[in-house]
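Chemist:
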Amino acid sequence: MSNKPLRFIAYDINTPPKESVLPNNAMPTRIYLGLSDPREDIEARCQLLERAINTAADALTDSSPPGDAPLNVFMVPEFFFRGATGAYKMKEADYAISRLQEIAARWEGWVFVFGSILAVASRDGSTAEAYNFVLVQEGGAAASGDAGARVVMKELMSTIDFISENANPGGILIGGVEYMDAASSGPGRERQQLNYDGTGIFQLSDMTWAIEVCLDHGQGRLQRSPQLPGEDQVQLQLIPSCGMQVHADAVITTDDGLVFHCDGGGFGNGVYRVSNAGSPPHRQLTEVSYESSTDVEDSAVEVGAPPRAVPIGDLYAHGAGKVVVYPAQPCPPRAKVGGTVTTLQWQPTAGTKFTFRFCYASDKHLSAVLVNIEMDTLDFHGHDYFLPLYLNTRDRAQNPVKIEINCITEGGHYDKALRCSIDVPGYKFDGIAVEYPTVSGRVGPRTAWD
Numbered sequence: 014m015s016n017k018p019l020r021f022i023a024y025d026i027n028t029p030p031k032e033s034v035l036p037n038n039a040m041p042t043r044i045y046l047g048l049s050d051p052r053e054d055i056e057a058r059c060q061l062l063e064r065a066i067n068t069a070a071d072a073l074t075d076s077s078p079p080g081d082a083p084l085n086v087f088m089v090p091e092f093f094f095r096g097a098t099g100a101y102k103m104k105e106a107d108y109a110i111s112r113l114q115e116i117a118a119r120w121e122g123w124v125f126v127f128g129s130i131l132a133v134a135s136r137d138g139s140t141a142e143a144y145n146f147v148l149v150q151e152g153g154a155a156a157s158g159d160a161g162a163r164v165v166m167k168e169l170m171s172t173i174d175f176i177s178e179n180a181n182p183g184g185i186l187i188g189g190v191e192y193m194d195a196a197s198s199g200p201g202r203e204r205q206q207l208n209y210d211g212t213g214i215f216q217l218s219d220m221t222w223a224i225e226v227c228l229d230h231g232q233g234r235l236q237r238s239p240q241l242p243g244e245d246q247v248q249l250q251l252i253p254s255c256g257m258q259v260h261a262d263a264v265i266t267t268d269d270g271l272v273f274h275c276d277g278g279g280f281g282n283g284v285y286r287v288s289n290a291g292s293p294p295h296r297q298l299t300e301v302s303y304e305s306s307t308d309v310e311d312s313a314v315e316v317g318a319p320p321r322a323v324p325i326g327d328l329y330a331h332g333a334g335k336v337v338v339y340p341a342q343p344c345p346p347r348a349k350v351g352g353t354v355t356t357l358q359w360q361p362t363a364g365t366k367f368t369f370r371f372c373y374a375s376d377k378h379l380s381a382v383l384v385n386i387e388m389d390t391l392d393f394h395g396h397d398y399f400l401p402l403y404l405n406t407r408d409r410a411q412n413p414v415k416i417e418i419n420c421i422t423e424g425g426h427y428d429k430a431l432r433c434s435i436d437v438p439g440y441k442f443d444g445i446a447v448e449y450p451t452v453s454g455r456v457g458p459r460t461a462w463d
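Going by this note's numbering, the letters in the sequence shown line up with residues 14 to 463, in that order.
1. Pick out the complete alpha helix (DSSP H) segments inside the stretch 259-289, 4 residues or longer, and give them in chain order.
2. Counting pairs of beta carbons, one from the stretch 257-264 and one from the stretch 112-132, are three or more of them closer than 8 Å?
3. Express the C-alpha separation of A290 and E300 in angstroms, rounding to a whole number.
4. Counting only runs of 3+ residues fully inside the stretch 48-121, write out the beta strand (DSSP E) ranges in chain order.
5. So, are the CB atoms of R432 and I445 less than 8 Å apart?
6. Short of 8 Å in beta carbon distance, which residues of its chain neighbour R202, apart from the five on each side in sequence? Order them along the chain.
7. Given a threshold of 16 other Cβ atoms within 10 Å of its Cβ, counted over all protein chains shown, does L404 qualify as buried or as exposed?
8. Expressed to the nearest angstrom, what Euclidean distance is found between the alpha-carbon atoms of F442 and A160?
9. Let me make sure I understand the geometry here. Which of A341, K349 and I252 has the alpha-carbon closest to that of T267?
10. Check whether the stretch 222-229 and the stretch 246-259 are in contact - that is, three or more C-beta pairs closer than 8 Å.
11. Using DSSP's beta-bridge definition, name the partner residues of F367.
12. Quick check: S218 and E151, are their CB atoms within less than 8 Å of each other?
13. Under a three-way DSSP split, which group does A325 fall into?
14. In this structure, how does DSSP classify D159 when only helix, strand and coil are distinguished?
15. Tell me whether H378 sits in a helix, a strand or coil according to DSSP, three-state version.
16. Figure out for me which residue from H396, D210 and L113 has the closest Cα to the Cα of Y144.
17. Helix, strand or coil for D311? Go by DSSP, reduced to three states.
18. How many Å lie between L19 and L271 at the Cα?
19. Looking at the structure shown, is E32 part of a helix, part of a strand, or coil, going by DSSP?
20. Bridge partners of P253, per DSSP?
21. So for D210, helix, strand or coil by DSSP?
22. For the stretch 78-95 against the stretch 19-34, do three or more pairs of beta-carbon atoms, one drawn from each stretch, fall closer than 8 Å, so that the two count as touching?
23. If you count every other CB in all the chains shown that lies within 10 Å of the CB of M14, and 16 or more means buried, which is it?
24. Give the secondary structure of L228 by DSSP, where H, G and I count as helix, E and B as strand, and everything else as coil.
25. Can you round the beta-carbon distance between V354 and F369 to whole angstroms, since I take them to be within the 8 Å contact cut?
26. Helix, strand or coil for P294 per DSSP?
27. With DSSP run on the structure shown, which of helix, strand or coil describes R8?
28. How is A154 classed by DSSP in three states: helix, strand or coil?
29. Under 8 Å by Cβ, that's how I've got F120 and I66 pegged, so tell me the actual separation to the nearest angstrom.
30. Using a Cβ-Cβ cutoff of less than 8 Å, which residues in the same chain neighbour C456 once the five nearest sequence positions on both sides are dropped?
31. Grab me the residues of G352's own chain with a C-beta within less than 6 Å of its C-beta, minus the 5 sequence neighbours each way, in chain order.
32. So A162 packs on A132, CB below 8 Å; how close in whole Å?
33. Distance check for D463 and D436, CA to CA, integer angstroms please.
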């Protein structure tokens with residue numbers, strides 16, 4: 014269990030497109046900054062980022078508290094990586110991820126929240142699909158690559174995410190892109206099950222984290238998907254943004270949790286300690302005063318072969334920014350989400366097992382039903398599926414696997430039932446598998462296999 018203190022470091026840099034007055038145009042327009050070669054653009058931004066990290070590390074020399082060394086959490090604002098057209102192609106975004114992971118591997122005892130990376134996938138005959146995502150990477154060689162990586166996707170597009178008129182050739186316009194469809198909201202839906210699945214709540218460094226990018230926070234994305242009973246409550250909530258402030262009514266941490274905000278659009282940065290977390294009307298955020306603020310050197314970076322100098326103004330309109338260090342904070346307490354969970358296991362064959370979880374909130378009402386499926390001949394990667402479920406696939410021997418589980422309404426003590434249609438190698442079933450109440454405590458679930 015991690016009890017390390019936490020030291021938050023914000024990279025305070027302006028990241029929107031540059032405002033410029035073009036000839037024959039009295040009104041300012043916005044243009045993307047960056048280099049025409051996407052890989053050189055990424056390399057230039059990574060060099061500046063490394064400079065900022067080193068600046069922060071130098072500022073920590075005389076500020077380490079006695080006892081355990083703190084975990085340094087370094088965050089970059091939204092839109093730090095986007096390139097001269099407003100977004101990279103997917104293969105270029107992959108390159109950005111690999112470069113950032115190389116950087117992080119050199120910093121044991123740090124966690125990096127690498128702003129956001131914008132990428133776009135072309136779709137013939139329609140608008141392109143844009144991805145605005147944040148890479149969170151644990152530092153150090155042991156956590157390098159995918160092992161220490163988490164990705165959170167921004168779901169809601171703001172009017173400032175892309176420019177509205179094509180001031181620079183090839184620039185992506187807001188009318189020509191759309192974000193991928195938002196995932197379904199509901200209890201438990203934001204718990205990350207795979208490192209790169211894009212949801213907003215995850216485990217890292219033995220703590221529970223939550224991230225909302227800019228407008229997602231303003232619209233209370235995580236509030237719409239409360240955690241399930243028995244899960245570890247969020248201890249740290251991070252908000253990388255460009256033009257957003259912290260909203261107390263959208264904070265989801267445990268009591269005495271921490272909120273860290275870093276904005277690239279003029280709203281600055283901040284660290285807040287949360288009190289009265291369980292009572293939204295009375296929730297309070299107490300701001301932590303920063304410890305130091307240090308300008309990042311504004312000299313040019315070098316890219317290409319032979320090397321050529323790239324002024325920082327070619328990448329960011331207002332220069333190299335500054336790093337703001339906050340004093341180390343005690344790690345928020347670990348706590349479980351209230352409520353109860355009833356678990357049932359059904360093993361129809363030696364090689365097939367279904368584990369059902371019926372989750373009841375603190376008010377005793379049902380919040381979700383999930384199933385975990387294990388088969389000797391098919392790897393489900395430990396995934397918990399929310400019901401209803403419709404699955405039609407094949408196992409490693411190319412045998413058909415069909416699983417359909419529906420939640421239907423019944424009367425009497427058992428308000429609901431799971432109607433299952435199962436067709437897996439060696440077993441078929443079609444009927445009611447489980448009856449269960451929507452309010453806990455009256456009667457427990459009743460199974461067809463007992």
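Yeah, the Cβ is synthetic: ideal placement off N, Cα and C, and Gly gets one too.
Modeler: For this structure:
1. none
2. no
3. 15 Å
4. 84-88, all fully within the stretch 48-121.
5. yes
6. A196, T212, S238 and F399
7. exposed
8. 39 Å
9. It is K349 whose Cα lies nearest to the Cα of T267.
10. yes
11. DSSP, once it has assigned bridges, lists W359 and I386 as partnering F367.
12. yes
13. Before going on, a small fix: residue 325 reads as Ile here, not Ala. Reduced to three states, the DSSP call for I325 is helix.
14. helix
15. strand
16. D210
17. coil
18. 10 Å
19. DSSP places E32 in strand when its eight states are reduced to three.
20. C275
21. coil
22. yes
23. Caution applies to M14, whose pLDDT of 47 falls short of 50 and renders its modelled position unreliable; the value that the coordinates give is listed next. Counting Cβ neighbours within 10 Å, M14 comes out exposed, since fewer than 16 surround it.
24. Three-state result, L228: helix.
25. That belief does not hold up - the Cβ atoms of V354 and F369 are roughly 10 Å apart, past 8 Å.
26. helix
27. Within the shown structure, residues of the chain are numbered from 14 to 463, placing residue 8 beyond reach of any answer.
28. DSSP places A154 within a helical segment (H, G or I) once states are collapsed to three.
29. Residue identity check: residue 120 is Trp in the sequence provided, not Phe. Confirmed, Cβ separation roughly 7 Å.
30. The sequence shown places Val at residue 456, rather than the Cys named in the question. So the list reads H426, Y427 and P450, once near-sequence residues are dropped.
31. Excluding positions up to five away in sequence, the list reads P242, Y373, A374 and S375.
32. That pair is no contact at about 16 Å.
33. 20 Å
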